[in-house]
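First to last, the sequence lines map onto chains Y and C.
This note's numbering numbers the first residue of the first sequence as 55 and each following residue consecutively.
This note's numbering numbers the first residue of the second sequence as 55 and each following residue consecutively.
By construction, the Cβ of each residue, glycine as well, lies at the ideal position given by its N, Cα and C atoms.
Remember, predicted model here, so these are calculated numbers, not experimental data.
Here the structure comes first, spelled out in structure tokens, and everything after it is commentary.
Number of protein chains: 2
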Amino acid sequence: MATHPILIAGRWVESRSSGTFHATNPATGESIPGEYPVSGWADCNDALDAAAGAAVLLRSSPPDPIARFLTRFAERIEARAGEIVELAHRETALPKAPRLADVELPRTTGQLRQAAAAALEGSWALPTIDTKLNIRSMLAPLGPVWVFGPNNFPFAFNSVAGGDFAAAIAAGNPVIAKANSSHPGTSRLLGEEAFAAVEEAGLPPATVQLLYRTGHADGERLAADPRTGTLAYTGSRAAGLKLKAAADAAGKPIYLELSSENPVLILPGALAERGAKLAEEFTGSSLMGTGQFCTCPNLVLLFAGESAEQFIAAVKARLEAAPAGPLLSSAVARALAASVGTLQEAGARLVTGGRPLDKPGSYYANTLLRVDGDAFAADPERLQTEAFGNASLVVTVRDAAQAAEVIGRMDGNLTGCVYSDTGGSDDALYAELEPLLRRRVGRLLNDKMPTGVAVSPAMNHGGPYPSTGHPGFTAVGIPASLRRFGALQCYDNVRPGRLPAALRDQSPAGRPWRLIDGQWTQRDVSP
Amino acid sequence: MATHPILIAGRWVESRSSGTFHATNPATGESIPGEYPVSGWADCNDALDAAAGAAVLLRSSPPDPIARFLTRFAERIEARAGEIVELAHRETALPKAPRLADVELPRTTGQLRQAAAAALEGSWALPTIDTKLNIRSMLAPLGPVWVFGPNNFPFAFNSVAGGDFAAAIAAGNPVIAKANSSHPGTSRLLGEEAFAAVEEAGLPPATVQLLYRTGHADGERLAADPRTGTLAYTGSRAAGLKLKAAADAAGKPIYLELSSENPVLILPGALAERGAKLAEEFTGSSLMGTGQFCTCPNLVLLFAGESAEQFIAAVKARLEAAPAGPLLSSAVARALAASVGTLQEAGARLVTGGRPLDKPGSYYANTLLRVDGDAFAADPERLQTEAFGNASLVVTVRDAAQAAEVIGRMDGNLTGCVYSDTGGSDDALYAELEPLLRRRVGRLLNDKMPTGVAVSPAMNHGGPYPSTGHPGFTAVGIPASLRRFGALQCYDNVRPGRLPAALRDQSPAGRPWRLIDGQWTQRDVSP
């Protein structure tokens, strides 16, 4: 069988690679037909040249064709949904329904449509006008964006269709997508529809390009390349930090979503009031997608005592009763086993699970570990080893002081949850611990598990290092996620006809909100 | 004479350093009485501990005392202006009037007052509310901010009084100021007034701390320290990049303003139309502060020909007629001589100047060099060596294609200027070259020199690497400059009484602009 072509400069062409790879069905361990190329630098270089050219054209493009592209792409995904869902299911073992067909695919097309609206409207760029001094500024496209997508959301974070892709395009940048190698076929189908939509919208052909895989050294090289605007990466911390080091050394911005334990703090009143319900809620959240959500609650903090033991027992029973879902790949299964081993070496005890399942495909028993606050405080680094998959760690603390100590040793996380009782008996403890947790997480939740990441303008899917590479930005939520892909550009005394449309006296068609002389308004500059 | 104390945790204490230094009057070469300590890690560590404590208190502070502090500080600077200007003049040799007393000091107190207003009002944090999903987010204080100020603006960019200081404080962070070692006395006087204002406003005592100097290794260590929120640095590229590498490796954000050539492109029509006037304008801008502005025009691009030769001759005459002002230090004089040497080695020819003046103090002859486009294209790196001081380079190009090539090889810059004629004969050339220049500069000017950096909400005093470390942020301009010192924090389903004031249904007293369900408004959330 021939190797699938890559999409470069508006053409599906043969990769100038030497190696190939193929996907595996993680539910069965069977190979999925279809060989995909591992691109070498020659492919990356071609893509960068083409993207640099497209970036020049896109910078002077009105937003209309960009919005048309995003909308048409959404429609095309919907039209081909059956085939796309089927292949994604084979490549990832995620359930077709409701997960892929009814949740993730609509979320993905919804993101594309929100991005289209944001591009048309234009407020994301924070256009700012000082009429007295005639100084004007806004965020403008940063240049070619590489998107490296993760394994766990084959649609919503897909490098050629997901949130980073949509945000980078809506901000006026061409994207070079590097597929996640666990679902190359899904990426191919999405890439085909994306490119068809590029042609329909009349955008520069290299607005969307697609490679399937690159070597590590080429990844570092492309992150630092002068033609690259930035790179948006979602994936493992180790690989992400290598890209970061390369980009940092070259002075390139890079946006990373790396890892997160997503601590859940259940205060004693809440545990006493509704422990059984919380055990159900927690188990449901922690097994969602076989625990392979970026916001999976991997760490639960409980106050030691009878209620805590009951909670642990209830979770144990639920984990043992629930079937272990398939993991995304054999690599994920191996990494999960290694992480559980590390946690045990650092002092965590197994409550249940802790072993791979003896059947074809990539499966690991639903796993719960526990450790007390003393042990956690003694080795916080190893006890925060990310166990990506269906494994969680309970930390029991003896009192508020120890809870504060444990939280004080937590890494930066995407999310942190606090459950408290409805009667107010937890309020003092909340007031004491919340400031400590708040600083360590991007999104703080009350009485709610972290796995739902709504595509809301107010969302923050980001957080302090090492959960991401910069605490000021979010990967989900429009328009804020677009701002990662903009450079601040100021026009000082520039003649009116030479200004970009968004900074002229007359507001452009989208009527963006503009900060004119200190007031946000959708009006024209008054004459 | 005793060594001056440092300001740590609300007390002026003796530094636990071993070494000391003192300032020198660069106009005369004479030592200025007053020994200042070189702090070791013990001082940095104490400051970090105290700042971490202050950060916790400031996070829950209402904006009122922060605004009161900034306002009282401005008033105190004004009350002590005579003494402060006198000492700054001795330490920097910058003229007392108009520069220090009538321009830079009012700018500095104006910045403090603008920052006070921004803190009170609160729009800088981009509060965003999704009422349907009950998700709310805003930028919140990032944590202790180190400010390393430059030598060239002893007030407006002073680490304990300037723009970065004001922005970091207004965003709710404590500041640890590291004075620039060329003007420690000015920093001491400003630090005294800052601390008195801290006490008057009732802020945590460690809100403002002051060290005078640190070793390079300690600088790198503090940039990466877990207690550090971020570091704002303005200074030489070499030192800045070492701090950046340390911060990057630790996953810390860092904001740098490093270096800039500030290219000025004079199109042929403009040169023919008003060459003599432009020579006057250029000379004035390039000698301002003896060429030691971040936005000094160090590189002029001309189309070769008679008009270009006349411009060069006119500039030469003006440079030779103007007295060479004092440089900020002997180190600046040495670096300038070395840079001019590098430019010559790379092929630039001396038009005038190119030598230190034979008199006490730090002086270098007003200098102009020239090179043609072929030579520039052959060695763009060395020919963009920053010559910080009163030296500029003219690049003559033969045609539009060569102009495009030269611009295409330019580094990232803070500013770029284009002069064109009033009749329209330069318009086609402008349209061709502007897109190339635009991508390489943070602020694009028309028919205006870059040295004026207005404190406007629309200002961008930032730009692509290596002029700064991140192209999305500005160091000047309120409220945008505050956003560097914020972390995005989201509240998901958090109970109403636990929300920060800016995210509650009822808008706080400052009536910030908030993005509520996609609309910017100063109103409450409607019930």
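For residue i, the nearest candidate out of the options (CA to CA)
| i | options | result |
| --- | --- | --- |
| C/D465 | C/H143, C/Q456, C/E440, C/A485 | C/E440 |
| C/A402 | C/T421, C/I461, C/P414, C/R388 | C/T421 |
| Y/F365 | Y/L321, Y/M342, Y/Q346, Y/V394 | Y/L321 |
| Y/G239 | Y/T78, Y/L310, Y/M342, Y/G283 | Y/T78 |
| Y/A358 | Y/R372, Y/V425, Y/R161, Y/A368 | Y/V425 |
| C/Q168 | C/N212, C/P116, C/R552, C/A224 | C/A224 |
| Y/S521 | Y/R291, Y/D97, Y/P195 | Y/R291 |
| Y/F75 | Y/R153, Y/F249, Y/L265 | Y/L265 |
| Y/H515 | C/S191, C/P533, C/A81, C/I532 | C/S191 |
| C/G73 | C/Q560, C/R267, C/T284 | C/R267 |
| C/Q398 | C/G305, C/K370, C/L447, C/P550 | C/L447 |
| Y/S313 | Y/F442, Y/A368, Y/E360 | Y/F442 |
| Y/A135 | Y/E246, Y/P195, Y/W95, Y/A106 | Y/E246 |
| C/K370 | C/V394, C/P581, C/A445, C/Q456 | C/A445 |
| C/Y473 | C/A555, C/L498, C/D118 | C/L498 |
Interface residues of chain C facing residue i [CB-CB closer than 7 angstroms]
| i | result |
| --- | --- |
| Y/F202 | Correct list: empty, because the minimum Cβ distance to chain C is about 18 angstroms. |
| Y/D218 | Under the 7 angstroms cutoff, chain C gives no residues; its nearest Cβ is about 16 angstroms from Y/D218. |
| Y/I183 | A512 |
Beta-carbon proximity of residue i to residue j, cut-off 9 angstroms
| i | j | result |
| --- | --- | --- |
| Y/V354 | Y/V449 | yes |
| C/N316 | C/P518 | no |
| C/P91 | C/H143 | no |
| C/Q165 | C/A220 | yes |
| C/S227 | C/G273 | Strictly speaking, residue 227 of chain C in this sequence is Asn, with Ser absent from that position. The answer is no: Cβ separation not under 9 angstroms. |
| Y/A286 | Y/H270 | no |
| Y/L491 | Y/G470 | yes |
| Y/R463 | Y/A431 | yes |
| Y/C544 | C/A56 | no |
| C/D501 | C/G323 | no |
| Y/P489 | C/V110 | yes |
| C/P414 | C/G83 | yes |
| Y/A147 | Y/P434 | no |
| C/A555 | C/D218 | no |
Cβ-heavy atom distance, residue i to the ligand NAD, below 8 angstroms
| i | result |
| --- | --- |
| Y/A301 | Questions concerning the ligand NAD fall outside what the structure shown contains, since it holds no ligand whatsoever. |
Residue i: contacting residues in chain Y (beta-carbon distance under 9 angstroms)
| i | result |
| --- | --- |
| C/D97 | Within chain Y, no residue comes near C/D97; the closest Cβ sits about 24 angstroms away, beyond 9 angstroms. |
| C/V199 | Under the 9 angstroms cutoff, chain Y gives no residues; its nearest Cβ is about 13 angstroms from C/V199. |
Neighbour list for residue i in chain C, Cβ cutoff strictly below 8 angstroms
| i | result |
| --- | --- |
| Y/H524 | P307 |
| Y/N514 | S191, L542, Q543, C544 |
Listed by chain order, chain C residues near residue i by CB distance under 9 angstroms
| i | result |
| --- | --- |
| Y/T288 | Those within 9 angstroms of Y/T288 in chain C number zero; the least Cβ separation is about 16 angstroms. |
Cross-chain neighbours of residue i in chain Y, by beta carbon under 7 angstroms
| i | result |
| --- | --- |
| C/G540 | G526 |
| C/A529 | Correct list: empty, because the minimum Cβ distance to chain Y is about 11 angstroms. |
| C/D433 | Under the 7 angstroms cutoff, chain Y gives no residues; its nearest Cβ is about 17 angstroms from C/D433. |
Contacts of residue i in chain Y (Cβ-Cβ under 8 angstroms)
| i | result |
| --- | --- |
| C/V548 | L498, L499, N500 |
| C/P520 | G305 |
| C/W178 | What C/W178 touches in chain Y: nothing, since even the nearest Cβ is about 11 angstroms away. |
| C/G164 | Residues of chain Y passing the Cβ test: none, with the nearest at roughly 14 angstroms. |
| C/P489 | V110, R113, S114 |
| C/A324 | Correct list: empty, because the minimum Cβ distance to chain Y is about 12 angstroms. |
Any C-beta of chain B under 9 angstroms from that of residue i
| i | result |
| --- | --- |
| Y/L381 | Among the protein chains in the structure shown, which are Y and C, there is no chain B. |
**Study point:** contact_flag[the segment 234-246 of chain Y, the segment 202-210 of chain Y] where n(CB pairs < 8 angstroms) is 3 or more
**Key:** The segment 202-210 of chain Y and the segment 234-246 of chain Y touch, with three or more beta-carbon pairs separated by less than 8 angstroms.
Check your understanding: At a cut of 8 angstroms, does the segment 169-187 of chain Y reach the segment 556-571 of chain Y through at least three beta carbon pairs?
Key -> Because the criterion of three Cβ pairs below 8 angstroms is met, the segment 169-187 of chain Y and the segment 556-571 of chain Y touch.
Exercise for review: Run through the segment 373-428 of chain Y for me and flag every whole beta strand (DSSP E) of 3 or more residues, listed as ranges in chain order.
Suggested key: Runs found: 403-406, 421-426.
Practice item. Within the segment 436-517 of chain Y, note down every full beta strand (DSSP E) run reaching 3 residues or more, in order along the chain. Key: For the segment 436-517 of chain Y, whole beta strand (DSSP E) runs of length 3 or above, ordered along the chain, are 445-451, 467-473, 495-500.
Check your understanding: Hey, which unbroken runs of the beta strand (DSSP E) at 3 residues or more fall wholly within the segment 203-246 of chain Y?
Key -> Counting whole runs of 3 or more residues, the segment 203-246 of chain Y contains the beta strand (DSSP E) stretches 229-232.
Review point. For the 8 angstroms Cβ check, are there 3 or more pairs between the segment 299-307 of chain Y and the segment 466-482 of chain Y?
Key: Counting C-beta pairs with one atom in each stretch, the segment 299-307 of chain Y and the segment 466-482 of chain Y have fewer than three that are closer than 8 angstroms, which means they do not touch.
Practice item. Take every Cβ of the segment 121-139 of chain Y, pair it with every Cβ of the segment 183-191 of chain Y, and state whether three or more of those distances are shorter than 8 angstroms. Key: Contact between the segment 121-139 of chain Y and the segment 183-191 of chain Y is absent: fewer than 3 CB-CB pairs across the two stretches fall below 8 angstroms.
**Study point:** Cβ contact (3+ pairs, closer than 8 angstroms) linking the segment 390-409 of chain Y and the segment 418-433 of chain Y
**Key:** Contact holds between the segment 390-409 of chain Y and the segment 418-433 of chain Y, because three or more Cβ pairs, one in each stretch, are under 8 angstroms apart.
Practice item. Give, in chain order, every unbroken run of the alpha helix (DSSP H) that is at least 4 residues long and sits entirely within the segment 99-146 of chain Y. Key: Counting only runs of at least 4 residues, the segment 99-146 of chain Y fully encloses the following alpha helix (DSSP H) elements, listed from N- to C-terminal order: 117-133, 135-146.
Check your understanding: At what residue ranges does the segment 298-335 of chain Y contain a whole run of the beta strand (DSSP E), taking only runs of 3 or more?
Key -> Taking only runs of at least 3 residues, the beta strand (DSSP E) segments lying wholly in the segment 298-335 of chain Y are 308-311, 317-320.
Check your understanding: When the Cβ atoms of the segment 57-74 of chain Y are set against those of the segment 82-91 of chain Y, are three or more pairs found closer than 8 angstroms?
Key -> With the cut-off at 8 angstroms, the segment 57-74 of chain Y and the segment 82-91 of chain Y touch.
**Study point:** Length at least 4, wholly inside the segment 251-291 of chain C: the alpha helix (DSSP H) runs in chain order
**Key:** Counting only runs of 4 or more, we get 270-278.
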